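Numbering (the numbering used here), first residue to last: 1 to 304. These notes are about the structure you will find just below.
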Amino acid sequence: MSNLTKSTTSDCHVEDGCGAIQVILTPKDKDLGGFTVRRTIPTVGHKNIGPWVFFDHMGPAQFEPGEGVNVRPHPHIGLATVTYLFEGEMLHRDSLGTEARVMPGDINLMVAGRGIVHSERQRPEVKAANNKLHGLQLWLALPAEQETIDPAFYHYDQNQLPVFEQQGVSARIMIGSAYGLTSPVITLSPTLYVEARLKAGSELTLPHAAERGLYVVQGKVTLKDTSLAAHSMAILSDNPEVTIRASEDSIIVVIGGDSVGKRFMEWNFVASDQALITQAKEDWQAGRFDSVPGDEDEFIPLPR
Numbered sequence: 001m002s003n004l005t006k007s008t009t010s011d012c013h014v015e016d017g018c019g020a021i022q023v024i025l026t027p028k029d030k031d032l033g034g035f036t037v038r039r040t041i042p043t044v045g046h047k048n049i050g051p052w053v054f055f056d057h058m059g060p061a062q063f064e065p066g067e068g069v070n071v072r073p074h075p076h077i078g079l080a081t082v083t084y085l086f087e088g089e090m091l092h093r094d095s096l097g098t099e100a101r102v103m104p105g106d107i108n109l110m111v112a113g114r115g116i117v118h119s120e121r122q123r124p125e126v127k128a129a130n131n132k133l134h135g136l137q138l139w140l141a142l143p144a145e146q147e148t149i150d151p152a153f154y155h156y157d158q159n160q161l162p163v164f165e166q167q168g169v170s171a172r173i174m175i176g177s178a179y180g181l182t183s184p185v186i187t188l189s190p191t192l193y194v195e196a197r198l199k200a201g202s203e204l205t206l207p208h209a210a211e212r213g214l215y216v217v218q219g220k221v222t223l224k225d226t227s228l229a230a231h232s233m234a235i236l237s238d239n240p241e242v243t244i245r246a247s248e249d250s251i252i253v254v255i256g257g258d259s260v261g262k263r264f265m266e267w268n269f270v271a272s273d274q275a276l277i278t279q280a281k282e283d284w285q286a287g288r289f290d291s292v293p294g295d296e297d298e299f300i301p302l303p304r
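Printed below as a string of structure tokens:
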């Protein structure tokens, strides 16, 4: 998904909590006709967190019968998209011929590489009734030596993803390693993505990575004396021992990993070389990308 909103930053003023926090990012909401999307990165001063270059929080949205998500076919290069739902269902189709239902708890990883086209919609039977959608969509920048690899799509059922549990906490290791567990999801560079659910009053020491961001999906958590409300993201310092406490029942996400270096980003294209983006724009306008089987009649034009 694309063409949404930029986030804003706020300085952290609480001395104790700020020892673990560099800055707090607060996204702006954008209502797309009953469908709210919040974009936290990229934003001014914070273009990435490790290899992650894009973080969207979709919903929660409630759709009336006949309504729903209809993102027409559009292209990507140089990145991998990660789609994860808390509630609802989406239908992924791409130019490789993939047709996959995106269900809560599963991970869908689409590696764009040298170029892929995909659409994000909902099945007619889903749209026929009242339906909800709530989830995250993230982009990973591919390492320069792999940003033009062949495109690929990977699906992982939720029962394939390891879960760490302690009193009041259930943490799912989505990508990378944490708490002595390793996700089976393919990685092309050191990457971390953990989703955790905390009961009110419970605590969790966050997994470490070269760069880390803590996003509060719902609820409220504290880092010492600093409170993080829902829909805020804290860029964390390099302090390996960062422990959060849930002020109420909460869902949080930790993303991070090693930076892959400077990236150019324009529309749906990410690259280490601006020339790759220029070529991708020309190719999309000229119709040189492959079409999406089963979804060939529409497309999103290149923004002017």
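A virtual CB, placed ideally from N, CA and C, is assigned to each residue, including glycine. Since we're looking at a predicted model, the values are computed, not measured.
Check your understanding: How is D11 classed by DSSP in three states: helix, strand or coil?
Key -> Because D11 sits at a pLDDT of 43, beneath the cut-off of 50, its placement in the model cannot be relied upon, and the following sentence gives the value as read from the coordinates. The answer is coil: DSSP assigns D11 none of H, G, I, E or B.
Exercise for review: Whole angstroms is fine: what's the gap from L91's alpha carbon to P124's?
Suggested key: 10 Å
Check your understanding: Could you check where the alpha helix (DSSP H) with P124 kicks off and where it finishes?
Key -> P124 to K127
Check your understanding: Roughly how many angstroms separate the alpha carbons of P73 and D290, rounded to a whole number?
Key -> 10 Å
Exercise for review: Could you name the residues of the same chain whose beta carbon sits closer than 6 Å to that of E203, not counting the 5 residues immediately before and after it, in chain order?
Suggested key: T243 and R245
Point to revise | Exposure of P319, with buried meaning 16 or more beta-carbon neighbours within 10 Å | key: With the chain covering only 1 through 304, there is no way to say anything about residue 319.
Practice item. Out of A210, F269 and L109, state which residue places its alpha-carbon closest to the alpha-carbon of L236. Key: A210
**Study point:** Alpha carbon of I41 to alpha carbon of G66, nearest angstrom
**Key:** 31 Å
Exercise for review: Measure the Cβ-Cβ separation of H134 and F86 and say whether it is below 8 Å.
Suggested key: yes
Check your understanding: Going by the CB atoms, is the gap between V185 and Y156 shorter than 8 Å?
Key -> yes
Review point. Residues in its own chain within less than 6 Å of D29 by CB, not counting five upstream and five downstream?
Key: T36 and R38
Review point. If you draw a straight line from the alpha carbon of T9 to that of G19, how long is it in whole angstroms?
Key: Its pLDDT being 45, under 50, T9 is placed unreliably in this model, and the coordinates cannot settle the point.
Review point. Pairing CB atoms from the stretch 187–202 with CB atoms from the stretch 249–269, are three or more of them under 8 Å?
Key: yes
Review point. What residue does the beta strand (DSSP E) around L236 start on, and which one ends it?
Key: M233 to L236
Check your understanding: Which partner residues of Y154 appear in the DSSP bridge assignment?
Key -> L109
Check your understanding: Which runs of the alpha helix (DSSP H) fall wholly inside the stretch 41–112 and span at least 4 residues, in chain order?
Key -> none
Review point. On the premise that V126 lies in contact with E89, defined as a C-beta separation below 8 Å, what is that separation, rounded to the nearest angstrom?
Key: 5 Å
Exercise for review: Determine the burial state of P151: buried for a count of at least 16 other Cβ atoms within 10 Å of its Cβ, exposed for fewer.
Suggested key: buried
Review point. By DSSP, does W267 sit in helix, in strand, or in coil?
Key: coil
Practice item. Using the Cα positions of E298 and N70, report the straight-line distance between them to the nearest angstrom. Key: 11 Å
Exercise for review: Measure the C-alpha to C-alpha separation of P60 and D295 and round it to an integer number of angstroms.
Suggested key: 26 Å
Check your understanding: From G256, T182, V221 and H46, pick the residue whose C-alpha is nearest to that of R197; which is it?
Key -> V221
Point to revise | Between the CA atoms of N239 and N108 - distance to the nearest angstrom | key: 31 Å
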